[in-house]
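Comments concern the structure below.
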Amino acid sequence: MQITLAYIGPRASSGDEFERLAQTYLQRTSSFARCESVAFRSEQALLDWLSKQQGRTQPAVALLDSRGRQMTSEAFAAWLGVRRDEGAQLIVFAIGPASGWSDATRKDARLLLSLGPFTLAHGLARVVMAEQIYRASTILSGHPYHTGH
Numbered sequence: 000m001q002i003t004l005a006y007i008g009p010r011a012s013s014g015d016e017f018e019r020l021a022q023t024y025l026q027r028t029s030s031f032a033r034c035e036s037v038a039f040r041s042e043q044a045l046l047d048w049l050s051k052q053q054g055r056t057q058p059a060v061a062l063l064d065s066r067g068r069q070m071t072s073e074a075f076a077a078w079l080g081v082r083r084d085e086g087a088q089l090i091v092f093a094i095g096p097a098s099g100w101s102d103a104t105r106k107d108a109r110l111l112l113s114l115g116p117f118t119l120a121h122g123l124a125r126v127v128m129a130e131q132i133y134r135a136s137t138i139l140s141g142h143p144y145h146t147g148h
């Protein structure tokens, strides 16, 4: 299973602290699944990339959206576990453009996911999402990270 944390915006620089933190969590997650972070210049560029992803399963796309579903860490882990158990080869968590996702893109998503009622800076949203992906992976594997033991 490949997990991609995608975002619309300029590629983060190596000195970007948010990027450093997001990469730390994605590297930790790589013990459980292959992970990457990818920047796209536009929503259309992301959609074009998604259409080129070949595999025996369609990518499972979760868009971060303020109107999306809010979940506990356990519920998010369960969602991720179901995708894994269904044999998903690619799961994409995408942070959208500043103007939000188009209605057509929102309609095609497997999941609309909200990190809460606050609007977050893209860099901070990447860190939160990367940490939750890692947390979900530890929950699914029984690792003590989530319980603090």
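The numbers in numbering that gives the first Met the number 0 rise by one with no breaks, and the one at position 120 of the sequence shown is 119.
Ideal Cβ placement from N, Cα and C applies to all residues, glycine included.
Run of the alpha helix (DSSP H) containing residue i, from where it starts to where it stops
i	result
Ala75	The displayed chain sequence assigns Phe, not Ala, to residue 75. Per DSSP, Phe75 belongs to the alpha helix (DSSP H) from 72 to 84.
Asp107	102 to 107
Whole-Å CB distance - residue i paired with residue j, under 8 angstroms assumed
i	j	result
Leu20	Thr104	Between Thr104 and Leu20 the Cβ distance is about 27 angstroms, and since that is not below 8 angstroms, they are no contact.
Ile7	Pro96	4 angstroms
Pro58	Leu89	4 angstroms
Below-7 angstroms beta-carbon distance, residue i vs any chain B residue
i	result
Thr118	Chain labels in this structure do not include chain B; a single protein chain is all it has.
DSSP state of residue i mapped onto helix, strand, coil
i	result
Phe67	In the sequence under discussion, the amino acid at residue 67 is Gly, which differs from the Phe named in the question. Strand at Gly67.
Leu114	coil
Ser140	helix
Ala61	strand
Leu119	coil
Gln1	strand
Arg33	strand
Ala135	helix
Ala38	strand
Residue environment, residue i, which counts as buried when at least 16 other CB atoms sit within 10 Å
i	result
Val126	buried
Thr137	buried
Gln69	exposed
Asp64	buried
Ala76	buried
Endpoints, beta strand (DSSP E) assigned at residue i
i	result
Ala93	89 to 94
Segment contact flag, the segment 22 to 37 with the segment 131 to 142, C-beta cutoff 8 angstroms, min 3 pairs: Judged by Cβ distances under 8 angstroms, the segment 22 to 37 makes contact with the segment 131 to 142, as three or more pairs qualify.
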